[in-house]
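J.: In full-length UniProt numbering, the protein residues as written are 1 to 268.
Beta carbons: idealized from backbone N, C-alpha and C, even for Gly.
Keep in mind it's a predicted model, so treat the numbers as computed, not measured.
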Amino acid sequence: AVDSLVKKLKKKKNGQGTIEDLEFALANPGSHSKCVTIPRSLDGRLQVSHRKGLPHVIYCKVWRWRDLQSHHELKSVPECLYSYDSKQPLICINPYHYQKIESQIIPVTVPHSLPFPNILHRDNPASVSSLSSNMYGHHQSHEIPSSLNAPMEYCAYRDTSSYSSASPLSVFSEDCETMSSEVDSNYCYPEPNFWCSLGYYELNSRVGELFKIRNLEVIVDGFTDPSNSDDRICLGLLTNVNRNATIENTRKHIGKGKEFFEETINLN
Numbered sequence: 001a002v003d004s005l006v007k008k009l010k011k012k013k014n015g016q017g018t019i020e021d022l023e024f025a026l027a028n029p030g031s032h033s034k035c036v037t038i039p040r041s042l043d044g045r046l047q048v049s050h051r052k053g054l055p056h057v058i059y060c061k062v063w064r065w066r067d068l069q070s071h072h073e074l075k076s077v078p079e080c081l082y083s084y085d086s087k088q089p090l091i092c093i094n095p096y097h098y099q100k101i102e103s104q105i106i107p108v109t110v111p112h113s114l115p116f117p118n119i120l121h122r123d124n125p126a127s128v129s130s131l132s133s134n135m136y137g138h139h140q141s142h143e144i145p146s147s148l149n150a151p152m153e154y155c156a157y158r159d160t161s162s163y164s165s166a167s168p169l170s171v172f173s174e175d176c177e178t179m180s181s182e183v184d185s186n187y188c189y190p191e192p193n194f195w196c197s198l199g200y201y202e203l204n205s206r207v208g209e210l211f212k213i214r215n216l217e218v219i220v221d222g223f224t225d226p227s228n229s230d231d232r233i234c235l236g237l238l239t240n241v242n243r244n245a246t247i248e249n250t251r252k253h254i255g256k257g258k259e260f261f262e263e264t265i266n267l268n
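(1) Hey, Ser86 and His97: beta-carbon distance below 9 angstroms or not?
(2) Taking its Cβ as the centre, do 16 or more other Cβ atoms sit within 10 Å of Phe261, making it buried, or is it exposed?
(3) Ignore the nearest five residues each way along the sequence and tell me which others in Ile247's own chain have a CB closer than 6 angstroms to its CB.
(4) Where does the unbroken beta strand (DSSP E) through Ile38 begin, and where does it stop?
(5) Which of the three DSSP states is assigned to Phe24 in this structure?
(6) Between Thr18 and Asn193, what straight-line distance do the alpha-carbon atoms span, to the nearest angstrom?
(7) Give me the Cα-Cα distance between Leu74 and Arg214, rounded to the nearest whole angstrom.
(8) Is the beta carbon of His253 sitting closer than 9 angstroms to the one on Leu26?
(9) Can you list, in chain order, the residues of its chain with a C-beta nearer than 7 angstroms to that of Cys60? Leave out the 5 residues immediately preceding and following it.
(10) Buried or exposed: Lys34, going by 16 or more other Cβ atoms within 10 Å of its Cβ?
(11) Determine the direct distance from the alpha carbon of Trp65 to that of Gly44, and round the result to whole angstroms.
(12) Between Ile219, Gly208, Ser229 and Lys212, which lies nearest to Leu238 when the distance is taken from Cα to Cα?
(13) Measure from the alpha carbon of Arg251 to the alpha carbon of each residue in Arg232, Glu217, Tyr200 and Glu263, then state which is nearest.
(14) Could you spell out where the alpha helix (DSSP H) holding Lys87 opens and where it closes?
(15) Among Glu102, Trp63 and Val36, which residue has its Cα nearest to the Cα of Ser205?
(16) I'd like to confirm the pairing. Which residues does DSSP put opposite Tyr98 in its beta bridges?
(17) Any idea what DSSP makes of Tyr201, helix, strand or coil?
(18) Count the other CB atoms within 10 Å of the CB of His72; is the residue buried (16 or more) or exposed (fewer)?
(19) Let me know if residue 299 comes out buried or exposed under the rule of 16 or more other beta-carbons within 10 Å of its beta-carbon.
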């Protein structure tokens, strides 16, 4: 897709944007850049490797958002004169003339305690011999009296390793909420020893391993650093047998790169 675009831009005699304008936009993401256009096809799509897709989506995915799924996630910036939605004969494929519409993330809730299986019912006295043998290491048969009125179906239970000599009935509580809170307090989620993971991609392929950042600050640049220090990632050291002239030219613009740092927020 990139090689085809470069050829089109070099041969282009009319329209907006040149190969130099595209290189400037890629090298200066925060700066104002011109529209870089290609002619709109009959169906508005571009064929790449026997598959068709919308051109602005293809190039936004190549240079900005690898997880981009469809054009519904994109909207053009106000200064773009040839956005895909404008239905003009030319389509702007400058990836920095589009913004990603962030979808609302639904928080994932992790239950800290599991509901107790619906084995025991307050209205039906039952033998718990199988329960005591499977869960508590006992083989005696214990009968639950019919006067037990606690709602057993959804009572949480504690770690039973400390109840080897106690009656199975002693692990149940008539206050389910109290028991659940005690179980919740025993959960511990260890934090990873790194606060950020960085990956370097050339077109659609990742080059090198994921960098797990442990320092509070790290600089990612395009140079080489024989010392291999922990606070610096030098992309100039990475090799790729499939690297072409377009990628080499793009890598020249990395330069001093970017600095990433961890910002701690005190919630107290």
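T.: According to the structure shown:
(1) no
(2) exposed
(3) For Ile247, where only same-chain residues beyond five positions count, the Cβ hits under 6 angstroms are Glu202.
(4) Thr37 to Pro39
(5) helix
(6) 45 angstroms
(7) 33 angstroms
(8) yes
(9) Leu68, Leu74, Pro95 and Tyr98
(10) buried
(11) 21 angstroms
(12) Gly208
(13) Taking only the C-alpha atoms, the option nearest Arg251 is Tyr200.
(14) Bounds of any alpha helix (DSSP H) do not take in Lys87, whose DSSP letter is neither H nor E.
(15) Trp63
(16) Ser76
(17) DSSP, reduced to helix, strand and coil, places Tyr201 within a strand of the structure shown.
(18) exposed
(19) What the structure shows of the chain is the stretch from 1 to 268, and residue 299 is not part of that stretch, so it cannot be assessed.
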